[in-house]
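Student: One structure coming up, written as C-alpha cells, with questions to follow.
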Amino acid sequence: MQHLQISYVGYATNVLPVNVRQDSTSVVLAALQPTPITFSQVIVTGSRQAEDLNFAANSVSLMSSTEMRRRDRVRIDEALQIIPGVAQVGENVNIRGGSGYSLLGLGGSRVLMLIDDVPVLTSDLGRANWDILPVTEVERVEVLKGAASVLYGSGGISGVVNIITKQPSSVAKFAFRQNAGLYSEPSVSEWDWTDRRLHFYRSDVSYSNTFGRVGIRLAASRHVSTSDRQNGDFRRWYFTGKSVIALDETSNLSIFLTYSRDARGFFVLWRSQDRALETTLTDRINVDGAAGSAIYNKIFSPVLSLKARLSYNAQLIGLPFNLTKDFKPALGLSGEVQTNWLPHVNHNITAGMDYRRDIVEAKYYGKHQGDAVSPYIQETWKLSGIWQVSAGVRYDTYVLVGDSAETQFSPKFGFSYNPFAGTILRASFGRGFRAPSIAERFSVTEPDDNVQLRSNPELEPERSTLLDLGIRQTFGDNISAEISVFSNDYFDAIELLQVNPRGLEFQLRNFPRTRIQGLESEIKFSLWRDRFGVLANATWMDSHYLKAEPASRIAKDDPLPYRPRFIGLFSPSLRLGPVTLEGDFRYITRAEAVSFFPNYERIPQKVFNFRARYQWQNLGFLFQIKNAANYNYTIVEQNLEEIRNFSLSVSGEF
Numbered sequence: 000m001q002h003l004q005i006s007y008v009g010y011a012t013n014v015l016p017v018n019v020r021q022d023s024t025s026v027v028l029a030a031l032q033p034t035p036i037t038f039s040q041v042i043v044t045g046s047r048q049a050e051d052l053n054f055a056a057n058s059v060s061l062m063s064s065t066e067m068r069r070r071d072r073v074r075i076d077e078a079l080q081i082i083p084g085v086a087q088v089g090e091n092v093n094i095r096g097g098s099g100y101s102l103l104g105l106g107g108s109r110v111l112m113l114i115d116d117v118p119v120l121t122s123d124l125g126r127a128n129w130d131i132l133p134v135t136e137v138e139r140v141e142v143l144k145g146a147a148s149v150l151y152g153s154g155g156i157s158g159v160v161n162i163i164t165k166q167p168s169s170v171a172k173f174a175f176r177q178n179a180g181l182y183s184e185p186s187v188s189e190w191d192w193t194d195r196r197l198h199f200y201r202s203d204v205s206y207s208n209t210f211g212r213v214g215i216r217l218a219a220s221r222h223v224s225t226s227d228r229q230n231g232d233f234r235r236w237y238f239t240g241k242s243v244i245a246l247d248e249t250s251n252l253s254i255f256l257t258y259s260r261d262a263r264g265f266f267v268l269w270r271s272q273d274r275a276l277e278t279t280l281t282d283r284i285n286v287d288g289a290a291g292s293a294i295y296n297k298i299f300s301p302v303l304s305l306k307a308r309l310s311y312n313a314q315l316i317g318l319p320f321n322l323t324k325d326f327k328p329a330l331g332l333s334g335e336v337q338t339n340w341l342p343h344v345n346h347n348i349t350a351g352m353d354y355r356r357d358i359v360e361a362k363y364y365g366k367h368q369g370d371a372v373s374p375y376i377q378e379t380w381k382l383s384g385i386w387q388v389s390a391g392v393r394y395d396t397y398v399l400v401g402d403s404a405e406t407q408f409s410p411k412f413g414f415s416y417n418p419f420a421g422t423i424l425r426a427s428f429g430r431g432f433r434a435p436s437i438a439e440r441f442s443v444t445e446p447d448d449n450v451q452l453r454s455n456p457e458l459e460p461e462r463s464t465l466l467d468l469g470i471r472q473t474f475g476d477n478i479s480a481e482i483s484v485f486s487n488d489y490f491d492a493i494e495l496l497q498v499n500p501r502g503l504e505f506q507l508r509n510f511p512r513t514r515i516q517g518l519e520s521e522i523k524f525s526l527w528r529d530r531f532g533v534l535a536n537a538t539w540m541d542s543h544y545l546k547a548e549p550a551s552r553i554a555k556d557d558p559l560p561y562r563p564r565f566i567g568l569f570s571p572s573l574r575l576g577p578v579t580l581e582g583d584f585r586y587i588t589r590a591e592a593v594s595f596f597p598n599y600e601r602i603p604q605k606v607f608n609f610r611a612r613y614q615w616q617n618l619g620f621l622f623q624i625k626n627a628a629n630y631n632y633t634i635v636e637q638n639l640e641e642i643r644n645f646s647l648s649v650s651g652e653f
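Below, the structure is given as C-alpha cells:
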C-alpha cells in the first residue's frame, strides 16, 4: 500500500492510500477543502525540492494568488507587505531589516528574486525588477527569510522571493481584470500642484488551454498612471507566455517568456516641504525588460530525477541620468543542472551546478564580463517520524574577466522536530554571500550630471550569517500561529555613502560589521464557518553597527539607516454571502536613522486600507480605498508616500 499526497495553495492537504499494481492504472478521486492555514502546503524554495512547509527547517512564508487577488495588488513587492518581517523601502524589498534604501537604484539587492526557481536579478546593478511580471500571472509567492546562498548563491544574503507562475489549464479559460481609480486632493492645500484629475487604470487579460501534449498560457497587461505627484507618471505594457510540453510519460519541457515596456518619469526628492508633490527633476526614460527560461524535467525512476535549465535576462532599471542615450540592458545568461536522488526512503539528496555569464556595457561603468560557477549539494534526512535534519554546502566562484575573483564556501544546517500533532519546532543556521555588482564597483558620472558618483573597484563581497529558531502551531483546521527568533550578522555590507554633505555626491563603500536581531510572530484564524477571519503579524528588530568607522562617520552601536524597530499588520475580514468586507492596518515605527538628511523629521507609518468585494457568478467587483485616512508620511527623506486613492475593479474567468 502506498500513499498519495495531494495539495494546492489555499486548500488543506489530503493524503490517500493508493494500491497500484504493476502494469496497471489506478484512478483516484479526491476532494480538497479550503483552509486559511498554509503550514500543510508544499513548497520548493526552502530546500530546492518539494517539501511540506510544516516540516521546513527554514523560515518560509507563503502567499497565494487568492490573497493577492483579494487585495487587488498591481505590483508584487507591494503584495509582499502582508508577510511578517517584510517592508518596502523605495524599490527595495526589506526582509527582516536586511536592506536599506538604494538611491536611484544604486546598490545591489540583498533579496534574490526568482521566477519559477530561476534567478532574475539584473546583471549590471544586481537589482530586482518587480515590474517585469503582472501579478495576475502569479500562482503563489514563497519567501525564504535569512541567508540562502547555500541554495541559490550570490544574492540571497538576506532572503529569497520565489515567484511561481500559473500553469496552463487543461481546458480553455479566459480571464480578465479591469481596474481604474482616482487620487484624492492632498490634505495640505499648498501641495495641490495641478488642476488635472489625477487617475490610474490597469487592464489584464489572459488565455490558457491545452492542445494534446502542449499546454499554453498567454497574458497581456496595460498599466497607466498620472501619479499623485509631478513627473511620477508612467505607461507600462507587459506580455507573458508559458508553455508546458509533455514530451513523454516521464519528461516535460517548460518554456517561459516575459517582456515589459516602461515609459516613465522619476520623482526622487520634493521641491520643498511646502511643495511636497513637486520636484525639480525632469528626467524621463523608456526602457524594455525581457526574461525567459527553458526548463527540462525528467524522471528516470521513482528515486532519481533530473532538472536542466537555460535562462536569459536583459533588464534595465534605476539610474535616471541620460539613461536613454548611455545605457542599454545588461545581458545575463545562465544554466543549471540539478538531480534529486532518494537512495533510501528516509534520505533525499539534491545536487547540482549553476553557471552564469554577465555581459555589461555602459558609458558610466564601462564594458565588463563576469562568470559565476557554483556546485552545491544538500541532503534531507528523516531520522524518524518526528525528526528531520537537513544539511548542505555550496561553493561560489565569481570571476570578473581581466579583474578579480571572489569565492565563498557556504554551509547550511537545520532541523525540524514534531513532538506532537500540530506542533513543529525548527532551527537553521546558514551563511550568505553577495559579490558586488559591476555597477557598484565601476559607476562614475560626468561633472554636469544631476548626481555625482565615485567608482570603487576595491569593494569587497558582502557576507552574512544567520541563526533562526522557531515554533509552528496549529489548532484544528482554522487556527495557526508561528513565532521566530533570529540573529543576522552582516560583514562588509555595501551601502551608499554621501561623501559630500553639501551636495548629491556619493560612493558605495563596505561598512563595518552589523547585527540585526529580532522576534517575529504571526497568527491566522477563521470563525463562524470561515465567515470571519483575522490575519495579524508583528516583528520586533534591533539593528546596529558592531564596530565604529570614523571615515564614514559611524560610531559603534549606531542604528542602521531605514530599519524600523517594529512592523505590524492587522487584517480582519467578514464575509456575508456574496459580500466581503476587509481591512488592513499597517503600523511601522519611524526609522531610527537615515542616510542623506539626518536632521529631517521622521514619523511612523499608520496606514489603513479598506476593501468591499461582491461576487456574482464568475464576476468579482472590488471597491478599495488605499490610505483611507490620507495619512502623510515618508519612508525616505523628502519623498512623500502615496496619498489616498479610490479604485474599482472588475474581474472574471470563463
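Going by numbering that gives the first Met the number 0, the letters in the sequence shown line up with residues 0 to 653, in that order.
Even for Gly, the Cβ is constructed at its ideal location relative to N, Cα and C.
None of the values given here were measured: they were computed from a predicted structure.
1. Mind checking which residues open and close the beta strand (DSSP E) that includes A86?
2. Alpha helix (DSSP H) containing F441: first to last residue?
3. Comparing alpha-carbon positions, which option in T338, G106, G288 lies nearest P301?
4. Taking 8 Å as the threshold (C-beta atoms), are W236 and R212 in contact?
5. Using only the alpha-carbon positions, how far apart do R508 and I553 sit?
6. Ordered along the chain, which non-local residues of its own chain (more than five positions away) have a Cβ less than 8 Å from that of T538?
7. If you draw a straight line from the alpha carbon of N631 to that of S168, how long is it in whole angstroms?
8. Extract the residue ranges of the beta strand (DSSP E) inside the segment 334-391, only unbroken runs of 3 or more that lie entirely within it.
9. My output table needs one value for D325: the three-state DSSP class, helix, strand or coil.
10. Hey, out of G391, N285, P185, whose CA is closest to P374's CA?
11. Per DSSP, what kind of secondary structure is V498 in: helix, strand or coil?
12. Give, in chain order, every unbroken run of the alpha helix (DSSP H) that is at least 4 residues long and sits entirely within the segment 91-154.
13. In angstroms, rounded to a whole number, what distance separates the CA positions of L545 and N638?
14. Output yes or no for whether 8 Å exceeds the beta carbon distance between L124 and G107.
15. Can you give the Cα-Cα distance for F414 and L61, rounded to whole angstroms?
16. What's the gap between the Cα of S63 and the Cα of A550?
17. Let me make sure I understand the geometry here. Which of Y363, V484, A289 has the alpha-carbon closest to that of N128?
18. Between N617 and F175, what straight-line distance do the alpha-carbon atoms span, to the nearest angstrom?
19. Once the 5 residues before and after D76 are set aside, which same chain residues still bring their CB inside 7 Å of it?
20. Below 8 Å on the Cβ atoms is my contact criterion, and I expect N178 with Y206 to pass it. Report the Cβ-Cβ distance as a whole number of Å.
21. State the beta-bridge partners of G619 as determined by DSSP.
22. From the DSSP output, in three-state form, read off P549 for me.
23. Across which residues does DSSP place Q472 in a beta bridge pair?
24. Cα separation between K555 and A361?
25. Do R643 and I624 come within 8 Å of each other at the CB atom, strictly closer than that value?
26. Can you tell me which of D116, S157, I162 puts its alpha carbon nearest to the alpha carbon of P133?
27. So what does DSSP say about N53, is it helix, strand or coil?
28. Please tell me whether R221 and A262 are closer than 8 Å, where the distance is taken between their beta carbons.
29. Going by DSSP in three states, I642 sits in which element: helix, strand or coil?
30. Which of the three DSSP states is assigned to I215 in this structure?
31. Nearest to L458 by CA position, among R433, D194, A547, L534, is which residue?
32. Determine the contact status of P587 and Q604, defining contact as a CB-CB distance below 8 Å.
33. From T209, A218, R430, pick the residue whose C-alpha is nearest to that of G145; which is it?
34. Taking only the alpha-carbon atoms, compute the straight-line gap between L181 and F622 and give it to the nearest angstrom.
35. Is the shortest distance between the beta-carbon of S226 and the beta-carbons of chain B less than 8 Å?
36. Exposed or buried, which one is Q272 when buried takes at least 16 other CB atoms within 10 Å?
Tutor: To lay it out plainly:
1. 85-88
2. Unbroken alpha helix (DSSP H) run through F441: 437-441.
3. T338
4. no
5. 13 Å
6. P83, G84, R95, G517, L518, E519, S520, F565, I566, G567
7. 44 Å
8. Taking only runs of at least 3 residues, the beta strand (DSSP E) segments lying wholly in the segment 334-391 are 346-361, 365-381.
9. Annotation note: pLDDT 48 at D325 (below 50); position unreliable, coordinate value reported separately. In this structure, D325 counts as helix in the three-state DSSP scheme.
10. G391
11. strand
12. 148-151
13. 30 Å
14. yes
15. 20 Å
16. If I take the Cα positions, the gap works out to 46 Å.
17. Nearest C-alpha to N128: A289.
18. N617 and F175 have their C-alpha atoms roughly 11 Å apart.
19. Q87, V92, W129
20. Between Y206 and N178 the Cβ distance is about 19 Å, and since that is not below 8 Å, they are no contact.
21. Q614, S650
22. In the structure shown, P549 sits in a helix (DSSP, three-state: H, G or I).
23. Note: Q472 sits in a beta bridge opposite T422, A480.
24. 38 Å
25. Cβ atoms of I624 and R643: closer than 8 Å.
26. I162
27. In the structure shown, N53 adopts helical secondary structure according to DSSP, grouped into three states.
28. no
29. coil
30. DSSP places I215 in strand when its eight states are reduced to three.
31. R433
32. In the sequence on display, residue 587 carries Ile and not Pro. Yes, they are a contact pair.
33. R430
34. 12 Å
35. Judged by its chain identifiers, the structure shown contains no chain B, having just a single protein chain.
36. With fewer than 16 Cβ atoms within 10 Å of its Cβ, Q272 is classed as exposed.
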